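Below: one structure, written as structure tokens.
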Amino acid sequence: MIDLTKTFAGGPTLRFEMALRPTGTTVLFGPSGSGKTTLLRMLAGLERPDRGSLRFGAETWFDGVKKVDIPTRSRRVGYVTQESALFPHLTVRANVGFGVPSAERGARVPEMLALVGMTGLAERLPHELSGGQKQRVSLARAVAARPRILLLDEPLSALDATAREELRRDLGRFLRAISLPTFLVTHDRTEALALGDEVVLIEDGLVLQQGPIADVFSRPSSLAAARVVGVEAVVPARITARSDEGLVTLDASGVSLTALDPGPTIEHVFACIRADEVIIEPGLAPTSARNRLAATVKAVRVESALVRLELDCGFDLTAFITRSALRELDLREGSKATAVIKAPAIHLVPRDGDGR
Amino acid sequence: MDFEALRLSFRLAAATSISLLILGLPIGYWLAFTRSRLRWIVEPVIALPIVLPPTVLGFCVLIALGPRSPLGRTLEQVTGHSFVFTFEGLWVASILYSLPFAVQPFATAFAGVDARLREAAACLGTSSLGTFFRVILPLSTRGVLAGVILSFAHTLGEFGVVLMVGGNIPGVTRTASIAIYDGVQALDYSGAFRTSAVLLALSLLILMATSRLLGGLVLPGARGK
Numbered sequence: 029m030i031d032l033t034k035t036f037a038g039g040p041t042l043r044f045e046m047a048l049r050p051t052g053t054t055v056l057f058g059p060s061g062s063g064k065t066t067l068l069r070m071l072a073g074l075e076r077p078d079r080g081s082l083r084f085g086a087e088t089w090f091d092g093v094k095k096v097d098i099p100t101r102s103r104r105v106g107y108v109t110q111e112s113a114l115f116p117h118l119t120v121r122a123n124v125g126f127g128v129p130s131a132e133r134g135a136r137v138p139e140m141l142a143l144v145g146m147t148g149l150a151e152r153l154p155h156e157l158s159g160g161q162k163q164r165v166s167l168a169r170a171v172a173a174r175p176r177i178l179l180l181d182e183p184l185s186a187l188d189a190t191a192r193e194e195l196r197r198d199l200g201r202f203l204r205a206i207s208l209p210t211f212l213v214t215h216d217r218t219e220a221l222a223l224g225d226e227v228v229l230i231e232d233g234l235v236l237q238q239g240p241i242a243d244v245f246s247r248p249s250s251l252a253a254a255r256v257v258g259v260e261a262v263v264p265a266r267i268t269a270r271s272d273e274g275l276v277t278l279d280a281s282g283v284s285l286t287a288l289d290p291g292p293t294i295e296h297v298f299a300c301i302r303a304d305e306v307i308i309e310p311g312l313a314p315t316s317a318r319n320r321l322a323a324t325v326k327a328v329r330v331e332s333a334l335v336r337l338e339l340d341c342g343f344d345l346t347a348f349i350t351r352s353a354l355r356e357l358d359l360r361e362g363s364k365a366t367a368v369i370k371a372p373a374i375h376l377v378p379r380d381g382d383g384r
Numbered sequence: 017m018d019f020e021a022l023r024l025s026f027r028l029a030a031a032t033s034i035s036l037l038i039l040g041l042p043i044g045y046w047l048a049f050t051r052s053r054l055r056w057i058v059e060p061v062i063a064l065p066i067v068l069p070p071t072v073l074g075f076c077v078l079i080a081l082g083p084r085s086p087l088g089r090t091l092e093q094v095t096g097h098s099f100v101f102t103f104e105g106l107w108v109a110s111i112l113y114s115l116p117f118a119v120q121p122f123a124t125a126f127a128g129v130d131a132r133l134r135e136a137a138a139c140l141g142t143s144s145l146g147t148f149f150r151v152i153l154p155l156s157t158r159g160v161l162a163g164v165i166l167s168f169a170h171t172l173g174e175f176g177v178v179l180m181v182g183g184n185i186p187g188v189t190r191t192a193s194i195a196i197y198d199g200v201q202a203l204d205y206s207g208a209f210r211t212s213a214v215l216l217a218l219s220l221l222i223l224m225a226t227s228r229l230l231g232g233l234v235l236p237g238a239r240g241k
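So the protein sequences, as listed, match chains G and B.
Under the working numbering, the first sequence has 95 at position 67, and the numbering climbs by one with no breaks.
Under the working numbering, the second sequence has 199 at position 183, and the numbering climbs by one with no breaks.
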């Protein structure tokens with residue numbers, strides 16, 4: 029259980045209340061400056077909360093009333109930051125073995141290096157590594173010490189686009205291989221969707237919403253939450269066919285969709301469809317046409333100049349239309365309509381493995 | 017040239033800088049990382065020898081180690097002899113006198129180690145002591161070496177403190193600088209000149225080595241942050 033408050037002199041007060049999940053990856057998602065990193069540092073014991081309590085399983089790590097504050101070194105947390113903090117005077121091997129009892133090093137270090145694909149570079153010094161390689165070593169070092177929880181603070185954001193994409197894929201595999209409860213701080217949607225099981229939306233030091241990632245991203249519970257995640261349907265899907273033209277056919281909750289091929293070998297994805305990319309046509313669609321989905325209007329919400337339509341087309345989909353369009357289409361709850369989505373407007377986020 | 021005095025000076029400088037290496041590391045660590053308010057008293061007290069006339073410091077040590085002070089009496093009971101006008105007395109005085117020249121480069125070097133590295137070590141389950149020896153010290157070798165060399169060189173050249181605490185006993189407390197003064201008093205200019213030349217050349221060599229080691233001038237390091 030997490031219930032922590034931290035006030036910065038002359039700055040904002042952060043107040044976090046949430047459950048600490050025992051498995052899987054929890055994404056702390058929110059804009060820069062929302063307090064995600066501070067929360068992570070409080071979990072690690074690197075930042076001292078002003079009030080509240082922090083319990084990990086049966087252990088109390090922090091209790092402001094009972095004056096409990098377990099020091100960082102006794103919490104056994106794996107912590108990886110944006111800029112890797114490798115020990116510059118030690119080789120890759122010595123870095124990874126730093127937190128490992130010397131008797132175990134001989135077996136543990138090569139195992140971890142293999143897991144992050146750094147076996148051949150064990151004798152290098154940190155300054156001889158690329159940014160992506162440094163992060164791999166940081167991950168290996170954190171996990172080698174057998175932490176009970178893994179804390180990742182924007183581990184990919186200092187990398188260039190190519191390295192980021194590559195490491196993101198490998199990080200997904202890595203996290204599944206080690207199966208440690210993980211907190212991942214990010215403000216990158218793709219990263220959150222690719223790696224997270226649960227998400228906690230954070231803004232201005234407050235938890236806006238918490239839940240399974242596709243649910244929270246598809247159905248933000250408040251306007252504030254929607255502002256943080258954007259309005260976008262996030263549908264778990266599987267790639268069933270690939271065409272020569274660079275298109276793929278998806279099975280998304282029983283609905284067939286066509287999108288751009290995100291790359292070979294990828295099978296499980298989240299299909300993300302932004303509300304302003306959805307076009308609404310009156311009447312029901314011919315069944316076989318590409319990305320023309322038969323939809324039932326579940327709700328009509330007027331939001332300033334725009335109207336937000338909540339549709340059921342086999343999965344939940346949100347669309348924005350203008351007020352005049354609403355009048356022309358004559359839509360209300362229960363109406364039938366056709367939702368049209370261009371193939372490039374379906375953004376696919378690869379999910380490693382079994383599409384949890 | 018007074019070889020005996022030169023040898024004594026080197027012995028004193030070596031004993032002092034080795035002692036300061038042992039003593040200065042914990043003090044430097046404390047100064048670099050403490051959040052205690054005591055810091056605002058401890059830091060100036062350690063730096064005091066930089067501005068204090070050596071005779072004042074020497075006089076204080078003389079009184080403190082003398083037979084009339086509780087400290088002096090205790091030391092005499094434990095060791096069986098008085099500390100004033102002995103090599104041990106010089107050694108204690110030199111440690112105090114050169115303390116800032118060791119502690120300040122140490123503290124500056126320790127504080128310069130990236131805080132994230134200390135945090136990383138803590139997350140990996142390493143104790144503060146382990147972090148010091150495995151991360152902070154290896155990344156501060158240049159600063160530590162500079163502190164040791166500077167305190168060595170500083171002790172080599174001290175005069176006022178030595179004269180106050182040790183007097184001028186050949187082979188016991190007569191260091192090179194006192195031998196030079198003595199030589200001039202006795203109009204033995206050529207002897208004083210040779211001893212001076214040795215000290216001058218050595219001091220220059222030491223500073224050149226330090227400068228080379230640190231890749232720059234020694235003085236800012238010597239005068240603290």
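C-beta atoms are modelled at their ideal positions from N, C-alpha and C, and glycine is treated no differently.
Computed from a prediction, not measured in an experiment: that's the story for all the values here.
With a minimum length of 3 residues, the unbroken runs of beta strand (DSSP E) contained wholly in the segment 84–145 of chain G fall at 87–91, 105–108.
Going by DSSP, G/ASP198 is part of the alpha helix (DSSP H) stretching over 189–206. In the DSSP assignment, G/CYS300 forms a beta bridge with G/VAL262, G/HIS375. Ranking B/GLN201, B/LEU161, B/GLY44 by CA distance to the CA of B/SER33 puts B/LEU161 first.
If you draw a straight line from the Cα of G/ALA72 to the Cα of B/CYS139, it comes to about 7 angstroms. Ranked by how close their Cα comes to the Cα of G/ARG355, the residues G/ALA323, G/ILE374, G/ARG320, G/PRO310 have G/PRO310 in first place. By the rule that beta-carbons nearer than 7 angstroms mark a contact, G/LEU203 does not touch chain B.
Interface residue (Cβ-Cβ distance to chain B less than 7 angstroms): G/THR100 is classified as such. For G/VAL276, the enclosing beta strand (DSSP E) stretches over residues 275–280. C-alpha of G/LEU187 to C-alpha of G/GLY159: approximately 6 angstroms in a straight line. Cβ proximity to chain G below 9 angstroms picks out ALA136, ALA137, ALA138, CYS139, LEU140, GLY141, THR142, SER143, SER144, GLY146, THR147, ARG150, VAL151 from the segment 136–153 of chain B. Interface criterion met: the Cβ of G/GLY127 is under 7 angstroms from a Cβ in chain B. A straight line joining the alpha-carbon of G/LEU149 with that of B/PHE148 spans about 27 angstroms.
In the DSSP annotation of this structure, G/SER284 is not part of any alpha helix (DSSP H); the continuous beta strand (DSSP E) holding it starts and ends at 283–288. In the three-state reduction of the DSSP assignment, B/PRO121 falls in the helix class, which pools H, G and I. In terms of beta-carbon proximity, B/ARG132 lines the interface with chain G, with at least one pair separated by less than 7 angstroms. If you look at G/VAL227, you'll find it in the beta strand (DSSP E) that goes 226–231.
Contacts between G/ARG104 and chain B, judged by CB atoms closer than 8 angstroms, involve GLY141 in chain order. Taking the CA atoms as reference points, G/PRO138 sits about 15 angstroms from G/ALA205.
In the DSSP annotation of this structure, the continuous segment of the beta strand (DSSP E) that includes G/LEU178 starts and ends at 177–181. Chain-order list of chain G residues neighbouring B/LEU155: PHE115, PRO116, HIS117, by C-beta distance under 9 angstroms. The beta carbons of G/ALA222 and G/VAL377 sit about 5 angstroms from each other, so the pair counts as a contact at 8 angstroms. Selection B/ALA127, B/LEU41, B/LEU229 evaluated against B/ARG158 yields B/LEU229 as nearest (Cα-Cα). Taking a beta-carbon distance threshold of 7 angstroms, G/ALA367 does not count as an interface residue toward chain B. G/ARG79 sits in a strand when the DSSP states are folded into three classes. Here the alpha carbons of G/HIS215 and G/SER62 stand approximately 10 angstroms from one another. The Cβ-Cβ distance between G/LEU339 and G/ALA323 falls below 7 angstroms. For G/GLY80, the closest of G/ALA131, G/LYS64, G/PHE44 by C-alpha to C-alpha distance is G/PHE44. DSSP places B/ILE152 in the helix class (H, G or I) of the three-state scheme. Between G/LEU153 and chain B, the shortest Cβ-Cβ separation is not below 7 angstroms.
With a beta-carbon spacing of about 7 angstroms, G/LEU208 and G/PRO175 fall inside the 8 angstroms limit used to define contacts. Around the Cβ of G/PRO292, a 10 Å sphere holds fewer than 16 other Cβ atoms; the residue is exposed.
Interface residue (Cβ-Cβ distance to chain B less than 7 angstroms): G/ALA353 is not classified as such.
Cα atoms of G/ARG318 and G/LEU285: separation of roughly 7 angstroms, rounded to the nearest angstrom.
Contact check for B/ALA208 against B/VAL200 passes: the beta carbons are separated by less than 7 angstroms.
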